[in-house]
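Down below is the structure, laid out as structure tokens.
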Amino acid sequence: MIMAQTSSVTEMPNPLEYPEGFPYRDRESAEAKFGMELDKVRTKIQSDEGRRELIQKLNLNGNADKVLEGIDLNVEQLKKKESFFMKMLKLPGRAVKSAFNVMGRHPFLTSAAVIAIIIAILYFTPALAPTAGEYGTKLVQAFKGTLAKIGVGTPEAATDAISKLPITGGSVPPEVVREAEEILQSPGMMDELGRVIEGLSQ
Amino acid sequence: MADMVLHLRKEEAKIFRGLPKDLQDGWKVAEEKGTSDERPEELMMRYQMASFDHPSIRAFIKSVQGAKSVGEIEKAAASFDLTSLPQEQAAELFFVLGTNLMGRMIQYLLPKAAHDKDLEGLAALTLIRHFLLEANASASLSTGASVS
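Here the protein sequences line up with chains A and B, keeping their order. If you want the working numbering, it's the position in the first sequence, counting the first as 1, plus 1. If you want the working numbering, it's the position in the second sequence, counting the first as 1, plus 441.
As structure tokens, then:
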């Protein structure tokens, strides 16, 4: 089964068809889908022959090159996540607690972090919160507001890289997908969120 | 004490040196030389990949859905006890926040440090950012291209 998605919420010129389950949240699910190790996927994406092989194996249609770029980005982040987690999980628990404690003495820092979690759940894993659409706009405004307090601005317009990113809700039940589609079809909200997240990288 | 070393960028080290001398005593500064901050599309992908499934988060999400205004959302979010999160969920959070936002937080917190406890928290934050910068430098896109 292929999940049809678009390259942008506001512009829908070429539907992109990502493999089911994209983006993958862990090595196991990605490697199970690709039938090979992550490093091998990335090696294949680098060559014309390898790309053809992946397109065939994953039964990609439409703008397959863009889909492969999305897959490459997903695999890259999986590897970075593994590398980060390996070190992070060795930290003594009291160190992490002390980090949260110092943030907690300035409530809007906690607020910014927690709203980031809510956004990750409501926008991208809506299975946990199927009524996200009711206050999605307020949520993005709250994120913007708390970030502004520590000097993180929101660009006027999103760059190509962020505005054309694949937006997915992952594997969720059909009734939840319907709710998610309502959110994703609200272009103003998603564009705004894209700009807020872009602001975080500046 | 969590860590006696603060991993600070040059501009942050200047702020640290402006703190009272007795507070600086006993603390070492390691220059943070990592420059591999996340690209916007990396952060967007991380949001999509994040897995926040701890029961306390689920319960919180349910409760915050009743918020009627931006202010209510902010207030509810500020009241969440981040220390209740297990280490793996904390790692998910920092991976999503990224190095730039962590840097902003560090720069905000540094001049306000008044006790060793504040610096302990900052030491942990700077170490976690250091881990992120190392991870960011460890793998780059095989095509060298950004998604656009």
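Glycine included, every Cβ here is placed at the ideal spot set by N, Cα and C.
Its Cα nearest to that of B:P552, the residue B:A454 stands out among B:K509, B:L534 and B:A454. B:V470 is bridged by DSSP to B:L447. Per DSSP, the continuous alpha helix (DSSP H) segment holding B:Q528 begins and ends at Q528 to L550. When the alpha-carbon of B:F501 is set against those of B:S520, B:V446, B:I547 and B:M490, the nearest one is in B:S520. For B:H495, the three-state secondary structure derived from DSSP is coil. A:S112: member of the alpha helix (DSSP H) spanning P108 to F125, first to last residue. Within chain A, no C-beta atom comes less than 8 Å from the C-beta of B:E473; the nearest is roughly 15 Å away. When B:S477, B:M490, B:G467 and B:A565 are compared, the shortest CA-CA separation from A:K91 is found for B:A565. Taking A:L194 as reference, the option from A:V115, A:K58 and A:K139 with the minimal CA-CA separation is A:K139. At a beta-carbon threshold of 8 Å, the residues of chain B lying near A:K98 are T524, ordered along the chain. Between B:A518 and A:V141, the CB-CB gap reaches or exceeds 8 Å. For the pair A:V197 and A:F125, the CB atoms are not nearer than the 8 Å cut-off. Here DSSP, grouped into helix, strand and coil, assigns A:L90 to coil. Listed in chain order, the positions of the region 472-499 of chain B with a beta carbon within less than 8 Å of a beta carbon of chain A are D478, E479, R480, P481, E482, E483, L484, M485, M486, R487, Y488, Q489, M490, A491, S492, F493, D494, I498 and R499.
For B:P481, the enclosing alpha helix (DSSP H) stretches over residues P481 to M490. For the region 102-124 of chain A, the beta-carbon criterion of a distance under 8 Å to any beta-carbon of chain B is satisfied by N102, V103, M104, G105, R106, H107, P108, F109, L110, T111, S112, A113, A114, V115, I116, A117, I118, I119, I120, A121, I122, L123 and Y124. B:G459 carries a coil assignment under DSSP once its states are collapsed to helix, strand and coil. Contact check for B:S492 and B:E533: beta-carbon distance about 6 Å, within the 8 Å limit, so the pair qualifies. For the pair A:L39 and A:K67, the CB atoms are not nearer than the 8 Å cut-off. Pairing B:L550 with A:H107 gives a Cβ-Cβ distance under 8 Å. Pairing B:N541 with A:S112 gives a Cβ-Cβ distance that is not under 8 Å.
With 16 or more neighbouring CB atoms inside 10 Å of its own CB, B:R487 falls in the buried class. Identification of residues in the region 56-80 of chain A having a C-beta nearer than 7 Å to some C-beta of chain B yields E70, G71, D73, L74, N75, E77, Q78 and K80, given in sequence order. Per DSSP, the continuous alpha helix (DSSP H) segment holding A:Q142 begins and ends at G137 to A149.
Residue contact with chain B for A:G22: absent (no Cβ-Cβ distance below 8 Å to any residue of chain B). With a 10 Å radius around the Cβ and a threshold of 16 neighbouring Cβ atoms, B:G467 comes out exposed. Against chain B, a Cβ distance below 8 Å from A:F35 picks out nothing, because the smallest value is about 14 Å. Within chain A, the residues placing a beta-carbon under 7 Å from that of B:V505 are I119, ordered along the chain. When only Cα atoms are considered, A:E77 and B:A576 end up about 11 Å apart. In this structure, the straight-line span from the alpha carbon of B:L464 to that of B:H556 is close to 7 Å. In the structure shown, B:T476 adopts coil according to DSSP, grouped into three states. Taking 8 Å as the cut-off, the Cβ atoms of A:K88 and B:F536 do not count as close. The C-beta of B:D559 comes closer than 8 Å to at least one C-beta of chain A. Sixteen is the threshold: since fewer than 16 other Cβ atoms of the shown chains lie within 10 Å of the Cβ of A:R95, the residue is exposed. A Cβ-Cβ contact shorter than 8 Å links A:G36 with A:K58.
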